[in-house]
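Only one structure is covered here, and it is reproduced in the block below.
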Amino acid sequence: MSSPCVSSIVGTGSYMPEKVLTNEDLSALVETSDEWIRTRTGICERRIASPEQATSDLAAEACRRALDNAAMPAAEVELIICATVTPDMFFPSTACVVQGKIGASKAVCFDLSAACSGFVYAMQVARQFLNSGVYRSALVIGAEKLTSLVNWKDRNTCVLFGDGAGAVVLKADDSADAPGRVLSAVMGSDGTLVNLLKVPGGGSACPTTAENVEQRLNTVHMEGRETFKHAVTRMSAAAEEALSRAGLKREDISLVIPHQANLRIIDAIADRLGLPSEKVFVNLDRYGNTSAATIPVALDEARRQGRIKRGDIVLLVAFGGGFTWAASVLRW
Ligand code: UT7
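So, in structure tokens, the structure goes:
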């Protein structure tokens, strides 16, 4: 075991299902309108996985693309962490299913549950293994088939979510100025607020019955307004703390990649951090909220669009059920 190392992102990849569900389509399902959804959330459309596609299928494709970008064979990956709240099954882990699909035969695999903060949490967990020299390489995934948890009769929630997957290849690196280096990370949780955002049924607290499926207890329930307030406060604070731990200031930020839940939340955070809109990456207009997948998908798109250049400081910041929150600063 060699140490200490730094962790660097050496490849990114994402996969979004082809089928598009527009605000107009949703207006045919529930009493809503394109105007309401756009102005209250910023979402115009979202992607929907096909019935044959499970979360692992989306994740496996994102991983293949990330490995391709890193020019690394799957057989070299030593660790796979999949952040998801929509696993293929309770067990085995979706990370194990992905391992089988991509042929990463050497990897140790497990899932991580931290809702929409899951990807940033998983990066931090993987980083501990890499920085301490236990493993040399990791695939960190954020993947969701969130529409499998949506109540299509609830206009408060069904307009918000979509499916998708993103992944990064993290590598242990001995060089202090490796590109894609993770400079800092912070995480937090508040378990007194579990009831504000949850899927109440289907777990051990409320095992699936015909009756509770009828009551839609197996779908997302959210107190939107309360969640909104906590999201703004926690993400702003986490962003400041991650910057401070990296020894950086707000002015040093080249690009913020926030969790994509609501454009009004993103604008409020940018406002608090004093950042102009060109320094904030937004793609929720096209994808909606894909929970753990929003940040790795956005990171991959930002890289492919040339929005991130060598030397740039990139801030990732997330918030989700639990509540959980997390932020991480990268130097590209
Ligand atoms: O990813 C994890 C973190 N998640 C979040 O951060 C989400 C946070 N919350 C939000 O983004 C927002 O709270 C929502 C987008 C969910 C809701 O927006 P809001 O501005 O907080 O609306 P609201 O829940 O206060 O509802 C306002 C009105 C209500 O009608 P009344 O009671 O004023 O007559 C709702 O019934 O809007 C109504 N409404 C809708 N109307 C048309 C709620 N959903 C819809 C809809 N279409 N889809």
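Residue numbering for the sequence shown is 1298 to 1629, as defined by the numbering used here.
We put the CB at the ideal spot given by N, CA and C, even for glycine.
Residue i lies in the beta strand (DSSP E); which residues open and close that run?
i     : result
W1449 : That residue, W1449, is in no beta strand (DSSP E); it is neither H nor E in DSSP.
R1344 : E1342 to I1345
E1441 : S1434 to K1442
D1408 : V1405 to L1409
T1319 : K1316 to T1319
M1532 : No beta strand (DSSP E) contains M1532, which is instead part of the alpha helix (DSSP H) from G1521 to R1542.
F1616 : I1610 to G1617
What's the call for residue i, buried or exposed, on a 16-neighbour Cβ count within 10 Å?
i     : result
T1383 : buried
A1539 : buried
F1634 : Absent from the model: residue 1634. The displayed extent of the chain is 1298 to 1629, so no value can be given.
C1503 : exposed
V1491 : exposed
T1338 : buried
Q1512 : exposed
T1505 : exposed
K1442 : buried
D1597 : buried
A1401 : buried
E1358 : buried
D1469 : For the record, residue 1469 in the displayed sequence is Ala; it is not Asp. Buried, since its Cβ has 16 or more Cβ neighbours within 10 Å.
P1301 : exposed
E1342 : buried
Q1425 : exposed
A1567 : buried
G1310 : buried
L1613 : buried
F1578 : buried
A1325 : exposed
G1439 : buried
Between the options, which lies nearest to residue i when the distance is taken from Cα to Cα?
i     : options                       : result
C1379 : A1371, A1411, A1372 and D1365 : A1411
A1371 : C1413, D1385, S1434 and A1423 : S1434
D1471 : P1497, A1462, N1428 and V1496 : N1428
L1552 : Q1602, E1358, S1486 and T1587 : Q1602
Y1584 : A1623, A1469, A1567 and A1462 : A1462
K1576 : N1586, I1550, L1560 and V1594 : I1550
V1681 : R1600, G1617, G1618 and L1364 : Because the chain here runs from 1298 to 1629, residue 1681 falls outside it and cannot be looked at.
S1486 : S1330, H1556, L1446 and M1532 : M1532
Y1432 : R1607, C1455, A1419 and L1467 : L1467
C1406 : L1376, G1619, L1581 and W1622 : L1376
C1623 : I1605, A1464 and A1534        : The identity of residue 1623 in the sequence shown is Ala, whereas the question assumes Cys. Checked all of I1605, A1464 and A1534; the closest Cα to A1623 is A1534.
T1489 : T1524, I1340, H1556 and I1334 : T1524
N1580 : I1554, S1625, D1609 and G1571 : I1554
A1351 : D1474, K1316, N1509 and D1385 : D1385
S1304 : D1474, H1556, V1456 and S1588 : D1474
V1307 : S1588, G1544, N1586 and M1420 : M1420
E1548 : I1562, G1571 and L1409        : G1571
L1318 : V1374, V1437, V1456 and S1445 : V1456
Compute every distance between the C-beta of residue i and the non-hydrogen atoms of the ligand UT7, then say whether any falls below 8 Å.
i     : result
F1525 : yes
S1330 : yes
V1327 : yes
W1449 : no
F1578 : no
T1309 : no
G1618 : yes
T1338 : yes
S1410 : no
G1415 : no
N1453 : yes
L1613 : no
N1586 : yes
I1562 : yes
I1334 : yes
V1456 : yes
H1518 : no
G1459 : no
What are the boundary residues of the alpha helix (DSSP H) that residue i is part of?
i     : result
W1622 : Premise fails: W1622 lies in the beta strand (DSSP E), T1621 to R1628, not in any alpha helix (DSSP H).
R1337 : D1331 to T1338
K1606 : Segment: none, K1606 is in no alpha helix (DSSP H) and carries neither H nor E.
M1420 : G1415 to N1428
For the ligand PLP, is there a heavy atom less than 8 Å away from the beta-carbon of residue i?
i     : result
G1488 : The ligand content of the structure shown is limited to the ligand UT7, which means the ligand PLP is not among them.
Does any residue of chain C bring its CB to less than 9 Å from the CB of residue i?
i     : result
V1496 : In summary, chain C is missing from the structure at hand, where a single protein chain is found.
Within 8 Å, do at least three Cβ pairs link the region 1509-1521 to the region 1449-1456? yes
Are the region 1482-1489 and the region 1532-1551 touching, with three or more C-beta to C-beta distances below 8 Å? yes
Counting pairs of beta carbons, one from the region 1487-1501 and one from the region 1339-1350, are three or more of them closer than 8 Å? no
Evaluate contact between the region 1580-1594 and the region 1405-1423, counting only Cβ atoms and requiring at least three cross-stretch pairs below 8 Å. yes
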